Structure formats: C-alpha cells, structure tokens
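Here the structure is laid out as structure tokens; the discussion comes afterwards.
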Amino acid sequence: MRKYLPLLFLSILSPILSFAQEAGDSSPATIDDIINNFFEPITKAVESVIFFTITIGDFTIPFVLIWLVVGATFFTIYMGFVQFGAFRHAIDVVRGKYDDPNDAGEVSHFQALTAALSGTVGVGNIAGVAFAVAIGGPGATFWMILAGILGMASKFTECSLGVMYRNINPDGSVSGGPMYYLEKGLKEKGEGWGKLGKVLAVLFAIACIGGSFGGGNMVQINQATLQLAEITGGENSIFYNNGWIFGTIMAVVVAVVIIGGIKSIARVTDKVVPFMVGVYILGALVVLGYHIADVPAAFGTIFSSAFSGDALYGGIVGVLIQGFRRAAFSNEAGVGSASIAHSAVKTDEPISEGIVALLEPFIDTVVVCTMTALVIVVTNYGGAGAEASFYGRETVGDIGLTSNSFASVISWFPTVLGVAVILFALSTMISWSYYGLKSWTYLFGESKTNETIYKVLFCGFVIVGSAISAKAVFDFGDAMIFAMCFPNVLGLYILIPKVRQAYRDYMDRIKSGEIARVD
-12 MRKYLPLLFL SILSPILSFA QEAGDSSPAT IDDIINNFFE PITKAVESVI
38 FFTITIGDFT IPFVLIWLVV GATFFTIYMG FVQFGAFRHA IDVVRGKYDD
88 PNDAGEVSHF QALTAALSGT VGVGNIAGVA FAVAIGGPGA TFWMILAGIL
138 GMASKFTECS LGVMYRNINP DGSVSGGPMY YLEKGLKEKG EGWGKLGKVL
188 AVLFAIACIG GSFGGGNMVQ INQATLQLAE ITGGENSIFY NNGWIFGTIM
238 AVVVAVVIIG GIKSIARVTD KVVPFMVGVY ILGALVVLGY HIADVPAAFG
288 TIFSSAFSGD ALYGGIVGVL IQGFRRAAFS NEAGVGSASI AHSAVKTDEP
338 ISEGIVALLE PFIDTVVVCT MTALVIVVTN YGGAGAEASF YGRETVGDIG
388 LTSNSFASVI SWFPTVLGVA VILFALSTMI SWSYYGLKSW TYLFGESKTN
438 ETIYKVLFCG FVIVGSAISA KAVFDFGDAM IFAMCFPNVL GLYILIPKVR
488 QAYRDYMDRI KSGEIARVD
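The sequence shown begins at -12 in this note's numbering and counts up by one.
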C-alpha cells in the first residue's frame, strides 16, 4: 500500500497543477478565483490551528511566536549561551580547519551552511523587515536582533540532532532532519516515547511537504515574477499577466539543479548565497556610508524606541512583538528545516555541525535584516517619513519601502534589488525542494520512483506559483512551514540533555587537542 501513496497524493494535486496549463489563457483571474475558493476553507482551518492567538493586555499574539521565542530562550540558557561560547570555533569549522575528507556525508561544512542559508535568506529579509519597521517603528529592529541571537541556540540544538540521528544510505547519500531524530531519538527513551516520536515525525514530514510546495516554492516564484515584471516595464512587460513564461523557465532551472540532489544544490548555493548576500550588504554599506553622519543617531533611535515604545506603534509590547515576529519568521530557528540540509555534512562529529548552524540566524537576522532596517531608518523611510510609512503600512508589505530607501542614494539599485530577489527566490526554492524531498521519502520510502514523483510535482508548482495570485494558497504554504515548529520544538525539549552532554564532551576534546586542528 505504501508504494501507492505518492501516486494517490499526485492524483489529489493534479487538478491544481492543471490550472497552470490554462494560466496563459484569457481569464487568469477566473483561475485564481477557482483555486482560491478551493483552498480558502482549508487555509482558514489550518491557520486557526497554527496561528491561534492569546491575548496579553491590548495585544493578541500568535502562540507560534511564543512557542519559538520561549523555546529559543530556554535552549540558550540550558546550553550555557552556546552562541557566544562557540562562535569563534564555528568560524574555524566553516573555514575547514577541522575537516576530514574521509568522514561520511555528502557536502562540506561551508556547503551545508550555504544550502541551509539559501532556504532562509530571501524576500523576507528585504520586504518583511520593511513591513516590521513600518508598523513597529525603528525599535522593532532591536528586538529583531535579540530574537535572532536567541534563535542561534535553537539552530545549534536541532542541527546537532540532525547529524546524530541521520541515516547513511547504501549509495552514500544521507537522509536526516527532525523526522529521524524525533522517531529514533524518542524511541531510545522507551516504547511509549517511541510511539510519540513516530507521530511527531509524521506530522513534521507532512507539514514540511506542504511548506515546500507553498512557502518554499509558490510564494517565492510569485514574488520573483512580480519583481521581474516590474523591472522589465511593468504593465508593458512580456511577463505581465504571463507569469507562466518565467515560471516555466525557472522550473527548468530548478529541475536541472535538483536532479543532482544535495551535492548539486550545494554547488549552486555555495556560489549564489555569498554572491547575493555580498551584493546586498555592499549596497547597504554604500547607503549607510552616504548617511554616515546619521548612523549614530539611527542606532540611538532604534535603542530608545525599543524601550520607550511610541504609542503610534502600540507601545513597547507592540514594538517587541513586531521585532520578534520578523526574526522568527525570517531565520526559521526552531522550525527544523535547516537540520535536513546540515544532516548531509561530511563529519563524524554532530556537534561540529550544530556549531556551524548557529551562524545562520546571525547572518540572516543580525546582519542582513539589521542592514535592511538601518537603511530604512537612515534614509527616513526612503524620504517618506516614519509616520507616512506607518499609515501606509498596507502598501509596504512588499519590497517597495526597501527599494525606495536604496533608490534615495543609488538610483539604479532597485534593478539590482530585483535581480537579487530572483536569486533569493531561486536559492530558496532549490533548498526547500530538498527539505520536501527528504520528508516525502521518509513517508513514502527511499526509491528513485518516489524521488521523481516529488521532483515533478515541485517543478509543476513553480509554474503554478508564477501564474496565479491566489492568496489562500500562499497563506496555506506559510502556515505549513510554521506548523513544523510544534513537533520539532517539543522534540528538542525532550532530547536537549543529550545535546548538552555531547557539546561538553566535544569542547573538552577540542581543548585537549584530541580533535586536531588542520592548518
């Protein structure tokens, strides 16, 4: 029966894929309506569970945000502030100072880091930060940085476990991630725990597959298509209302990359990610250099606003919520997705990869998101002003505010930003294709047939995402990504004592020289 499950899944999704074939016809809006009507009740039901809120004073806070931030805080304290104690060592490991080419695995520490980063560094760092600063004020940046630092401990924990409990397949390929450490790790604690672990693993895998098709695929290609149309003539662009053309091109590119598995993905991401992050940061440094006299005041505003809490933004609690929300939604610490990529690393020391992984939230949130926020603040919100941006917040939920802020100093940078968004989207899609694939094969079995079915589905959804604007589909995909954090974080609470013991043993062996450094 198990071998027929993917075919059943394909038959359920095939009506949705068929809409993409009609996307170039004369009534794309009708297609959107059909898809929206199909997904809307499903999306609302899922969101009511995943994003249910609790009320604190005058504020309603999504419980998923509390679940992630409280978990990150606990892991930080329990692991003795590992993000500070192991930071320097993390850089040495990424630089290959402790590499052993004979270790089992498929990719280097650096490639595993860039593959995982490509799944988190994306449109959210550009557009999402603009939205957070617009509706939460400059002070949201401070809380965003703090949440990013806390999230480093979550990434360390989940990625250490990912390598501890991974499967090395007969062909040398690797399968790892929350599905495996939830099932195998909890099973070690007894039969009852094992049953719980299996349920949590299946729930995670289902959510990951949904997230890979939605937030990791259709949302990304949709935003990239919109940006491409904008920089190639707007309504006069060949891609305007013809997104399926670009979607088809991107589907072919994605297919070529993902056919080769994680090794092929890593060969792309280890070049694309440093390049696109470097270009973006360079542009930000030019803007900040132009406004160098205003930078100290910008930092002062960010810090003071974080604690004073202007009533315009809902007071200190409102500012804090926006900062924490953007960090949690940007770096995905606690979601568990990154541990799937890190599991493929060449190492016999699981903790070494957990230490590498803690760099992700630092790069994604502390560096890239903070640079975006600083550019917005020092340019006075692209010249529009904080108050105007707040009252126009319904229209700054995209790349517009960030683009205008860069353009106020570098007039042509919005075009570069458009290209960056496309690269961000591409790298995110190919990484999420791997996350979804490993969840798919966990549920349906490791076979070439099952892998091919998933890859065909994924590439089909690239075309669908470029051709539609069905909000319900995109909201569903985002909800599924954050559904992953519930089974994952629960498992981390249960398994973290083993991680702490392994971390202490690893650092003792580093200090004693038992684990030799290669210079």
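Each residue gets a CB set at the ideal place from its N, CA and C atoms; glycine is no exception.
Only a predicted model underlies this, so the values are computations on that prediction, with no experimental measurement involved.
Cβ neighbour criterion (16 or more within 10 Å) applied to residue i
{"i": "proline 283", "result": "exposed"}
{"i": "alanine 353", "result": "In the sequence under discussion, the amino acid at residue 353 is valine, which differs from the alanine named in the question. So valine 353 counts as buried."}
{"i": "glycine 500", "result": "exposed"}
{"i": "asparagine 209", "result": "buried"}
{"i": "alanine 280", "result": "exposed"}
{"i": "isoleucine 350", "result": "buried"}
{"i": "alanine 314", "result": "buried"}
{"i": "leucine 410", "result": "buried"}
{"i": "proline 261", "result": "exposed"}
{"i": "arginine 504", "result": "exposed"}
{"i": "isoleucine 236", "result": "exposed"}
{"i": "threonine 47", "result": "exposed"}
{"i": "threonine 436", "result": "exposed"}
{"i": "asparagine 156", "result": "exposed"}
{"i": "arginine 153", "result": "buried"}
{"i": "lysine 31", "result": "exposed"}
{"i": "valine 443", "result": "exposed"}
{"i": "serine 13", "result": "For serine 13, the pLDDT reaches just 48, beneath the cut-off of 50, and the residue's location in the model is therefore unreliable, although a value from the coordinates is still provided. Result: exposed."}
Selection from the options that minimises the alpha carbon distance to residue i
{"i": "glycine 197", "options": "Val186, Gly464 and Gly369", "result": "Gly464"}
{"i": "valine 244", "options": "Val259, Ile232, Val408 and Asp79", "result": "Val259"}
{"i": "valine 81", "options": "Val449, Arg496 and Asp257", "result": "Asp257"}
{"i": "alanine 407", "options": "Ile41, Val56, Ser105 and Val273", "result": "Ser105"}
{"i": "threonine 439", "options": "Met263, Ala242 and Gly387", "result": "Ala242"}
{"i": "methionine 416", "options": "Val206, Ser426, Ser326 and Leu213", "result": "Val206"}
{"i": "proline 337", "options": "Lys425, Ala489, Ala454 and Gly276", "result": "Ala489"}
{"i": "serine 418", "options": "Val33, Ser326 and Leu275", "result": "Ser326"}
{"i": "serine 324", "options": "Phe290, Ser420 and Trp180", "result": "Ser420"}
{"i": "asparagine 367", "options": "Val443, Leu190, Ala394 and Val355", "result": "Ala394"}
{"i": "lysine 142", "options": "Lys31, Ala73 and Leu413", "result": "Ala73"}
{"i": "serine 339", "options": "Val364, Tyr493 and Val186", "result": "Tyr493"}
{"i": "glycine 452", "options": "Val56, Val273 and Asn204", "result": "Asn204"}
{"i": "leucine 148", "options": "Ile246, Cys356 and Val486", "result": "Val486"}
{"i": "alanine 328", "options": "Glu27, Leu55 and Val150", "result": "Val150"}
{"i": "arginine 491", "options": "Gly67, Lys182, Val57 and Tyr267", "result": "Gly67"}
{"i": "cysteine 356", "options": "Phe39, Ala59 and Phe118", "result": "Phe118"}
{"i": "isoleucine 397", "options": "Gly276, Gly432, Val161 and Val332", "result": "Gly276"}
{"i": "glutamate 93", "options": "Asp335, Val274, Ile268 and Pro49", "result": "Asp335"}
{"i": "valine 264", "options": "Gly184, Ala285 and Ala412", "result": "Ala412"}
{"i": "phenylalanine 59", "options": "Phe25, Ser292 and Glu145", "result": "For clarity, residue 59 is alanine in the given sequence; the question names phenylalanine instead. The residue with the shortest Cα to Cα distance from alanine 59 is Glu145."}
{"i": "valine 266", "options": "Ser291, Gly405 and Glu178", "result": "Gly405"}
{"i": "valine 476", "options": "Thr107, Arg75 and Gly164", "result": "Gly164"}
{"i": "leucine 269", "options": "Phe26, Ala103 and Phe400", "result": "Phe400"}
{"i": "glycine 159", "options": "Phe445, Glu433, Gly124 and Tyr441", "result": "Glu433"}
Residues bridged to residue i (per DSSP)
{"i": "isoleucine 41", "result": "Ile48"}
{"i": "valine 94", "result": "Val332"}
{"i": "valine 161", "result": "Ile155"}
Own chain partners of residue i with C-beta closer than 6 Å, once the 5 adjacent residues on each side are dropped
{"i": "leucine 346", "result": "Ala77"}
{"i": "phenylalanine 200", "result": "Phe448"}
{"i": "alanine 360", "result": "Val116, Val120 and Thr128"}
{"i": "valine 343", "result": "Ala77, Val80, Val81, His96 and Leu100"}
{"i": "tyrosine 429", "result": "Met166 and Ala192"}
{"i": "isoleucine 64", "result": "none"}
{"i": "isoleucine 502", "result": "Arg496"}
{"i": "tyrosine 227", "result": "Ala216"}
{"i": "alanine 271", "result": "Met358 and Val362"}
{"i": "aspartate 90", "result": "Lys333, Thr334 and Asp335"}
Same chain, Cβ closer than 7 Å to residue i, five either side skipped, listed in chain order
{"i": "arginine 37", "result": "Looking at the sequence itself, residue 37 is isoleucine, so the reference to arginine does not match. The answer, listed in chain order, is Val51, Ala466, Phe469 and Ala470."}
{"i": "isoleucine 136", "result": "Gln70 and Val353"}
{"i": "serine 224", "result": "Ala216"}
{"i": "proline 348", "result": "Gly135, Gly138, Met139, Lys142, Asn318 and Ala320"}
{"i": "alanine 194", "result": "Met467, Ala470 and Met471"}
{"i": "glutamate 34", "result": "Asp462 and Ala466"}
{"i": "lysine 498", "result": "none"}
{"i": "leucine 187", "result": "Leu169, Pro474, Leu477 and Gly478"}
8 Å CB neighbourhood of residue i in its chain, flanking five on each side removed
{"i": "isoleucine 53", "result": "Ile41"}
{"i": "threonine 402", "result": "Ile218"}
{"i": "glycine 517", "result": "This structure cannot speak to residue 517, because the chain is shown only from -12 to 506."}
{"i": "valine 56", "result": "Ala134, Leu137, Phe311 and Ala315"}
{"i": "glycine 221", "result": "Tyr227"}
beta-carbon residue i near the ligand NAD non-hydrogen atom, thresh 7 Å
{"i": "glutamine 488", "result": "Absence of the ligand NAD from the depicted structure is noted, as is the absence of any ligand whatsoever, leaving it without description."}
Subject >> Inter-stretch contact at 8 Å, needing at least 3 Cβ pairs: the region 306 to 323 / the region 124 to 141 >> reply: Segments in contact, yes.
**OP:** Decide yes or no for the touch test of the region 471 to 485 against the region 317 to 325: beta carbon pairs closer than 8 Å, at least 3 of them.
**Re:** By the Cβ criterion, the region 471 to 485 is in contact with the region 317 to 325, since at least three pairs of Cβ atoms, one from each stretch, lie closer than 8 Å.
Original post:
Looking at C-beta atoms only, is the number of pairs between the region 158 to 172 and the region 477 to 489 that lie closer than 8 Å three or more?
Top reply: The region 158 to 172, when compared against the region 477 to 489, does touch it at the 8 Å Cβ threshold.
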